[in-house]
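Single-structure report; data block below.
Numbering (the numbering used here), first residue to last: -12 to 357.
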């Protein structure tokens, strides 16, 4: 395991070089998250990685009008318990990046989950005690080493076509814990790849309200500020089984107040009731613009491009409400000139049927602005 000295030396070196750093050509507009392929695979057999996502999917997404993919990857899929690389996963990722380039799509490689940090650990209880990344120096050094190996494996891809996102949705009590880790991995990676685009977001699930706490390197044009947004949560996560909202099976409304007072049942658990009432706020296009202004102001302060790396509405929401949500948010992103990537391709927020591969043409037309 490497010591921290090279990390800080690297950070110092890249600070000296930043004034001479030139901007690459990595730019984003509309994208799709390729979830549950090399990340959060669940119970699907490992060999299904070969068929779950293929070049056919890339061609379809390119022809539909998307310009990039965000590809989540998990430590457990790429390294075994002893730290040995799982070569099949690396081969699939290489194929995926080759496919995107061949069909004119850029790609973000997102380290989604590591063994020492999972954004949804503890699930709806919000218990993050199993996350040791911000407390254990050895885990932090290991995290940086994971990125060194990712760079060794993927660094041959053009900086104009492939970017890296250090970690998905850092979760913790103190934003400085995440900022300190960003400094470490940024310093190490800038030393290895001076012109690669890095995507960085704030702690606490990359929500809009924590952006103000994010440390951003100065004078580096090859950075993208990222945030995630699932407002209004009662619509986007209606009946989501991994949240307390699964207890509420009643009607929802959009735009306006998602759940009418008379529709809230008496038999909800305290946890579900608190979650529902706390998120039951009126929402419409104008409020979306107000929320996005938070991110817009932050990105302009740092003179960096802005990117919503995750947003979307669960398939359990009524069809017309779901489409109305997508229309408002696409229009808001367009009005604010914010690049975005829908969550997701084949999961609970899907734009394509996993079995038939039939795409949702009506939804995709909304997403690409037809």
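Even for Gly, the Cβ is constructed at its ideal location relative to N, Cα and C. If you're wondering where the values come from, they're calculated on a predicted model, not measured in any experiment.
Self-check item: Proximal residues to residue 195 (C-beta, below 7 Å), its chain only, five neighbours per side dropped
Solution: 214, 216, 278, 281 and 282
Quiz item: What are the uninterrupted segments assigned as beta strand (DSSP E) that are 3 or more residues long and contained completely in the stretch 37 to 115, given in chain order?
Solution: 55 to 61 and 93 to 100
Practice problem: Throw me the rounded Cβ distance for the residue 222 and residue 300 pair, which I believe falls under 8 Å. | Solution: 6 Å
Quiz item: Got a sec? Which residues, its chain only, sit under 7 Å from residue 67 by beta carbon, not counting five neighbours each side?
Solution: 73
Quiz item: Using CA coordinates, which residue listed in 32, 251 and 238 is at the minimum distance from residue 307?
Solution: 238
Practice problem: Tell me the start and end of each unbroken beta strand (DSSP E) in the stretch 107 to 164 that is at least 3 residues and wholly inside, in chain order. | Solution: 149 to 152
Quiz item: Given 8 Å as the limit, is there contact between the stretch 282 to 298 and the stretch 198 to 212, that is, 3 or more CB pairs closer than that?
Solution: With the cut-off at 8 Å, the stretch 282 to 298 and the stretch 198 to 212 touch.
Quiz item: Which residues in the same chain as residue 314 place their Cβ atom closer than 7 Å to its Cβ, once the five residues preceding and following it in sequence are excluded?
Solution: 353
Quiz item: Counting Cβ pairs, one atom from each stretch, are 3 or more of them under 8 Å apart for the stretch 254 to 269 and the stretch 287 to 298?
Solution: no
Quiz item: Whose CA, out of 13, 10, 44 and 11, lies closest to the CA of residue 22?
Solution: 44
Quiz item: Where residue 335 and residue 233 are concerned, what is the direct C-alpha to C-alpha distance, given to the nearest angstrom?
Solution: 13 Å
Quiz item: Around the Cβ of residue 333, are there at least 16 other Cβ atoms within 10 angstroms (buried) or fewer (exposed)?
Solution: buried
Practice problem: Sort 41, 53, 80 and 92 by Cα distance to residue 13 and report the nearest one. | Solution: 92
Quiz prompt | With 16 other Cβ atoms within 10 Å as the buried cut-off, status of residue 50 | solution = exposed
Practice problem: Within its chain, find whatever has a CB closer than 7 Å to the CB of residue 77; leave out the 5 residues flanking it on each side and keep chain order. | Solution: 65 and 140
Practice problem: Within the same chain, show all residues whose beta-carbon is closer than 6 Å to that of residue 271, passing over the 5 residues directly before and after it, in chain order. | Solution: 242
Quiz item: Straight-line CA distance for residue 345 to residue 244?
Solution: 33 Å
Quiz prompt | Backbone secondary structure at residue 169 - three-state DSSP | solution = helix
Practice problem: Alpha carbon to alpha carbon, how far is residue 94 from residue 25? Give it in angstroms, no decimals. | Solution: 14 Å
Quiz item: Between the beta-carbon of residue 220 and the beta-carbon of residue 158, is there less than 8 Å?
Solution: no
Self-check item: Own chain residues within Cβ distance below 6 Å of residue 88, not counting five before or after
Solution: So the qualifying residues of the chain are 148.
Quiz item: How would you call residue 33, buried or exposed, if buried means at least 16 neighbouring beta carbons within 10 angstroms?
Solution: Sixteen is the threshold: since fewer than 16 other Cβ atoms of the shown chains lie within 10 Å of the Cβ of residue 33, the residue is exposed.
Self-check item: Assigned exposure category for residue 143 - 16 Cβ within 10 Å defines buried
Solution: exposed
Exercise. Identify every residue that forms a DSSP beta bridge with residue 294.
Key: Note: residue 294 sits in a beta bridge opposite 213 and 326.
Self-check item: Inter-residue spacing [alpha-carbon to alpha-carbon] between residue 40 and residue 298
Solution: 21 Å
Self-check item: Length of the line joining the Cα atoms of residue 309 and residue 53
Solution: 20 Å
Quiz item: Residues bridged to residue 17 by DSSP?
Solution: 327
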